[in-house]
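Number of protein chains: 2
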Amino acid sequence: MNENQTTLPHVVIVGAGFGGLRAARALAKAPVRITLLDRNNYHLFQPLLYQVATAGLSPDEIAQPVRAILRSQRNLEFRLAEVRGADLAARRLDTDQGSLEYDYLILAAGGVTNTFGMQDVARHAFGLKSLEDAVAIRNHLLRLFEQAAQENAPARRKALLTFVVAGGGPTGVECAGAISELAQVVLHKDLPGLAIQRPQIILLEAAQRLLPAMPERSGEFTVQALAEKGVDVRFGTAVAGYDGRVVRLKDGETLATHTLVWAAGVEAAPLITALGLQSGSLGRVHVLPTLQVPEHPEVYLIGDAAHLEGEDGRPLPMVAPVAMQQGDHAARNLLRAAEGLAQQPFRYRDPGIMATIGRNRAVAKLGPVELRGWFAWLAWVVVHIFQLIGFRNRMMVLLDWAWNYLVYDRAVRVIGPERRARTKEYAS
Amino acid sequence: MNENQTTLPHVVIVGAGFGGLRAARALAKAPVRITLLDRNNYHLFQPLLYQVATAGLSPDEIAQPVRAILRSQRNLEFRLAEVRGADLAARRLDTDQGSLEYDYLILAAGGVTNTFGMQDVARHAFGLKSLEDAVAIRNHLLRLFEQAAQENAPARRKALLTFVVAGGGPTGVECAGAISELAQVVLHKDLPGLAIQRPQIILLEAAQRLLPAMPERSGEFTVQALAEKGVDVRFGTAVAGYDGRVVRLKDGETLATHTLVWAAGVEAAPLITALGLQSGSLGRVHVLPTLQVPEHPEVYLIGDAAHLEGEDGRPLPMVAPVAMQQGDHAARNLLRAAEGLAQQPFRYRDPGIMATIGRNRAVAKLGPVELRGWFAWLAWVVVHIFQLIGFRNRMMVLLDWAWNYLVYDRAVRVIGPERRARTKEYAS
């Protein structure tokens, strides 16, 4: 670090997700020193997590090392570290790798699974927010099929082959569709003996429709497409509890299952609440329209953890496009502040939304354009390939998709490493 | 399972490694019912484990689901199960999925890392026999580089960037060479700031030469090639202990390191010794030349766990070709026994041996032909691609190798899932 650099303002960015990465890139040419922190050494492409969870993709195909992404950015230093807390008044972050002082802070800590205080659901259900979640689900599903193949008691076998997904948003819809396809592939290719036992995939939605962010007709199309895949969609049903064996619904009904995937809620990462900032619903911090944190103009908070109302008066959704646009905007405002210029309010431009329901089926709303079916599915494939970071990952994902599509197979049906094989004391 | 089938003799094969898989395939057309057991749902291509350990390949690229491999074999049933013990007199196996009776048993349980009773080495060093081992090493190495980037004390940083590999056989040689290449790639691409600190890779060999199974000159060539990669090869040095921070050598010298990869010993899987069979050195069971277990003619024992002397009077090595040929032979003898024919002795035909020392460098002995350097390396690539099972894996491995080779990169530099992210109680 030479003299000249040390005199530049120090920008610390927490989180290498969609928001943090965009902010870092937007500051590439700026006269600042950037330190980017993340507790993982990779950027995770969350939209495809459900495909790792259903053995369609390999974990490393949707994770790209942060250093590889930002290699050419001269004014940035990456640190593998976990933020423990902060003294915002002193402009200091506390991490597991020591403390760190900043002139400007961009918090892009993202969101975590939210089970609304249901401890048993948090303990027994699977979230779908991290690579660990996805690999745990994949291994769990593949183990259940193996157990079912050795289970002779019909009731127990039925429970093993019953998969419940909670939440009718894009994640829940895509996950339910993908589990149904995995089940078909595995049962017909690997376990023909089990084919007599139809797997049961149940998608629970508390409201009366799927994909609320999409047009009514796309929601109906999705229900139809899921039904064709054998997914049983139930509206107006909410989970009351889950002990790892039986899901209790609010209406008193019960479902015997070994699998509950919880895609029904996200909240701000605990780190944010730990900073002692005034937070609203879902632990999101109320930020100024400029994305600054009240009382701390040098701190910008973006993405899932930021509570900001859109033009329709409703809080902006916890989705990648919001985080990315806020990353760009926070970077711009930060530079304006450094130059003593006025801060500008953030305005969200909705690029649209899409969800796939597996093979040949998807729904998309891109601006005024609505797509359903095969064309929407093709658009989904193209958009996601282009959004993926890293040529190697794009190539590998395309090949795995081609393989899965043409061979009616799932590329990664391996119950792989997930926890340490035996206790070993690490240097790290 | 129909009447006709149930009257057929029941063959149980334990282990879906090289030996067990070959035995299963050799019995594909035979009038027997086969049950194949493995505690993993995949066949592991162990020869490439070191490439997963050094971020060159993805774990699922060298693991192929057993069901996918044997899908078309009508007379075989696969069970994901772990053998706990056996009552050989009653012809019964005890597994974690219940007990299982057999008419013929083929034990192909393979080998495990052997630290010769050094508990501290077993606890702190990494073996390289399972997918879990390889992923643990990969994550560990990548973490150390990240720590080194944040470590200012030269001595501590030196220890973080010192990597010790014990064992001068193919595994140790290949692992040391690959760690050296990973270090070069990571340091020059990801951590240029660290480039001043040369990583230290030390290969320890108790004897006076590398690759004892190869011609003298290939051993010398290998030492030279490793030296060019910056690997410090030390002969006549054996490990006395390791506490996770300091390796103690028998001659009293010490090496400060956070990484000891143990490629210096293999022994028969504990299962074998648990069966109460008379075992010799390395826990290997002395089998008859027919591969039968003394006193139990219906039990065949093959591969790493079988102790059988070759024509040179020395025990056959613990390598894949021995296991595969014994798999074929055990299947043949089993069918002869079923037909009341005499058992035939096993004869090993050595197909040769090869080891790669990374980029463009390898040594090979194929019958009378000796290869060194680029040609040997090319032969190594071709042979390993063809030995890999599964078109998807072959394609993906070739692509990752091309990527690593052409881009001077390592495809899978992700500190990925390894243990469960948070405690979750499983159905399984």
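Sequence lines, in order, name chains A and B. Offset between the first sequence (1-based) and this note's numbering: plus 1287. Offset between the second sequence (1-based) and this note's numbering: plus 1287. Backbone N, C-alpha and C define an ideal beta-carbon position, used for all residues, glycine too.
Rank the options by C-alpha distance to the C-alpha of residue i and give the top, closest one.
i	options	result
Leu1490 (chain A)	A:Glu1503, A:Pro1457, A:Val1473 and A:Lys1476	A:Pro1457
Arg1636 (chain A)	A:Gly1654, A:Gly1627 and A:Ile1644	A:Gly1654
Glu1515 (chain A)	A:Arg1681, A:Arg1646, A:Gly1539 and A:Phe1432	A:Arg1646
Glu1348 (chain A)	A:Arg1679, A:Leu1474, A:Asp1696 and A:Arg1623	A:Arg1679
Thr1524 (chain B)	B:Thr1544, B:Thr1509, B:Ala1500 and B:Arg1496	B:Arg1496
Ala1315 (chain B)	B:Leu1622, B:Val1684, B:Ala1543 and B:Ala1377	B:Leu1622
Arg1326 (chain B)	B:Lys1476, B:Leu1418, B:Ser1505 and B:Gln1612	B:Leu1418
Glu1507 (chain B)	B:Leu1665, B:Val1650 and B:Ser1568	B:Val1650
Arg1504 (chain B)	B:Ile1672, B:Glu1657 and B:Ala1350	B:Glu1657
Asn1620 (chain B)	B:Ala1310, B:Gly1304 and B:Pro1499	B:Ala1310
Leu1478 (chain B)	A:Gln1631, A:Pro1352 and A:Arg1601	A:Pro1352
Phe1305 (chain A)	A:Gln1613, A:Ala1625, A:Ile1424 and A:Ala1624	A:Gln1613
Ala1719 (chain A)	A:Pro1576, A:Thr1402 and A:Glu1388	Any property of residue 1719 (chain A) remains undetermined from this structure, which presents chain A solely from 1288 to 1715.
Val1452 (chain A)	A:Phe1403, A:Val1422, A:Ala1551 and A:Gln1360	A:Ala1551
Gly1600 (chain B)	B:Ala1313, B:Arg1634, B:Gly1590 and B:Glu1626	B:Arg1634
Arg1358 (chain B)	A:His1475, A:Pro1334 and A:Asn1362	A:His1475
Gln1631 (chain B)	B:Leu1575, B:Arg1648, B:Gly1639 and B:Met1683	B:Leu1575
Met1641 (chain A)	A:Gly1398, A:Ala1629, A:Ala1342 and A:Ala1607	A:Ala1607
Val1520 (chain B)	B:Arg1444, B:Ile1644 and B:Val1609	B:Ile1644
Ile1676 (chain A)	A:Phe1332, A:Leu1693 and A:Arg1535	A:Phe1332
Gln1511 (chain B)	B:Leu1536, B:Ala1610 and B:Arg1659	B:Arg1659
Who are the Cβ neighbours of residue i in its own chain at under 6 Å, not counting the five residues just before and after it?
i	result
Leu1394 (chain A)	Val1301 and Leu1588
Val1298 (chain A)	Val1319, Ile1321 and Tyr1391
Ala1470 (chain B)	Pro1486
Gln1384 (chain A)	Ala1368
Leu1324 (chain B)	Val1301, Arg1366 and Ala1368
Ala1543 (chain B)	Ala1446 and Val1533
Val1473 (chain A)	Phe1432
Sorted by chain position, which residues of the same chain lie with C-beta nearer than 7 Å to residue i's C-beta, five sequence neighbours on each side aside?
i	result
Ala1373 (chain A)	Arg1379, Leu1380, Asp1381 and Leu1562
Ala1396 (chain B)	Val1301, Gly1302, Ala1556, Leu1558, Ile1559 and Ala1592
Ile1702 (chain B)	Asn1426, Leu1429 and Arg1430
His1583 (chain A)	Leu1375
Arg1716 (chain A)	An answer regarding residue 1716 (chain A) cannot be provided, because it is not within the stretch 1288 to 1715 covered by chain A.
Going along the chain, which residues of its own chain have a beta-carbon closer than 8 Å to the beta-carbon of residue i, five neighbours each way excluded?
i	result
Leu1566 (chain B)	Looking at the sequence provided, one finds Ser at residue 1566 (chain B) rather than Leu. Contacts found: Ala1555, Ile1559, Thr1560, Val1572, His1573 and His1594.
Gln1437 (chain A)	none
Glu1712 (chain B)	Interpretation of Glu1712 (chain B) is limited by its pLDDT of 39, a score under 50 that renders its predicted location unreliable; no figure is taken from the coordinates.
His1411 (chain A)	Tyr1529, Asp1530, Gly1531 and Leu1547
Arg1354 (chain B)	Asn1328 and Phe1365
Ala1423 (chain B)	Phe1413 and Glu1705
With a cut-off of 8 Å on the beta carbons, I'd call residue i and residue j a contact; round off their distance for me.
i	j	result
Leu1547 (chain A)	Val1460 (chain A)	Between Val1460 (chain A) and Leu1547 (chain A) the Cβ distance is about 16 Å, and since that is not below 8 Å, they are no contact.
Val1553 (chain B)	Thr1400 (chain B)	7 Å
Val1408 (chain B)	Gly1528 (chain B)	7 Å
Ala1435 (chain A)	Leu1481 (chain A)	6 Å
Leu1564 (chain B)	His1616 (chain B)	That belief does not hold up - the Cβ atoms of Leu1564 (chain B) and His1616 (chain B) are roughly 19 Å apart, past 8 Å.
Gly1404 (chain A)	Met1605 (chain A)	The Cβ separation is near 18 Å, so there is no contact.
Lys1652 (chain B)	Pro1499 (chain B)	No, Lys1652 (chain B) and Pro1499 (chain B) are not in contact; Cβ-Cβ is about 12 Å, not under 8 Å.
Gly1464 (chain B)	Val1518 (chain B)	7 Å
Arg1648 (chain A)	Gly1343 (chain A)	That belief does not hold up - the Cβ atoms of Arg1648 (chain A) and Gly1343 (chain A) are roughly 15 Å apart, past 8 Å.
Tell me, please, which residues DSSP counts as bridged to residue i.
i	result
Gln1338 (chain B)	Bridge partners of Gln1338 (chain B): none, in fact.
Gln1351 (chain B)	B:His1330
Ser1386 (chain A)	A:Asp1381
Val1399 (chain A)	A:Glu1554
Trp1664 (chain B)	Trp1664 (chain B) is not bridged to any residue.
Ala1373 (chain B)	B:Leu1380
Glu1364 (chain B)	B:Thr1322
Tyr1529 (chain A)	A:Val1534
Asp1519 (chain B)	B:Ile1489
Ile1393 (chain A)	A:Ile1300 and A:Tyr1587
Thr1546 (chain A)	A:Phe1450
Leu1658 (chain B)	B:Ala1651
Phe1413 (chain B)	B:Val1548
Ala1593 (chain B)	B:Val1572
Glu1705 (chain A)	B:Glu1705
(message) Could you tell me which whole beta strand (DSSP E) segments of length 3 or greater appear in the region 1464-1516 of chain A?
(response) 1487-1492
>> I'd like the ranges of any alpha helix (DSSP H) spanning at least 4 consecutive residues and lying wholly in the region 1551-1579 of chain A.
In response: 1557-1561
### Task
Would you mind listing the beta strand (DSSP E) stretches within the region 1603-1651 of chain A that are 3+ residues and don't spill past its ends, in chain order?
1640-1643
- [ ] Could you tell me which uninterrupted beta strand (DSSP E) segments, each at least 3 residues in length, are contained entirely in the region 1293-1325 of chain B, listed from first to last along the chain?
- [x] 1297-1301 and 1320-1325
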